[in-house]
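**Q** Residue numbers (the UniProt record's numbering): 1 to 67.
Where a beta carbon is used, it is the ideal one built from N, C-alpha and C, also for glycine.
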Amino acid sequence: FLFQDELEAELEELEGAELEEELLQPATTAPAASVHVPAGRQPTRPVPAKSTPEEDELAALQAEMAL
């Protein structure tokens, strides 16, 4: 079981590093243009996840830069 614990710890470390690297990458995609959809045919959208303070700050900075 010790070997399995070591593997799980290493996996968590790699996933954490991968996530950190992903978060440090600049956004490369522009917001999609809105598409007109006739009433009654609008796709359901998932409820947005609660944003973190960092995401709120990033959104505020992006809004400032867009001015």
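1. Kindly list the residues whose CB is nearer than 6 angstroms to the CB of Glu-15, restricted to its own chain and excluding five residues on each side of it in sequence; keep chain order.
2. In whole angstroms, what separates the C-alpha of Glu-20 from that of Glu-57?
3. So what does DSSP say about Phe-3, is it helix, strand or coil?
**A** In short:
1. Cβ neighbours of Glu-15 beyond the five flanking positions: none.
2. Looking at the two C-alpha atoms, the distance is approximately 17 angstroms.
3. helix
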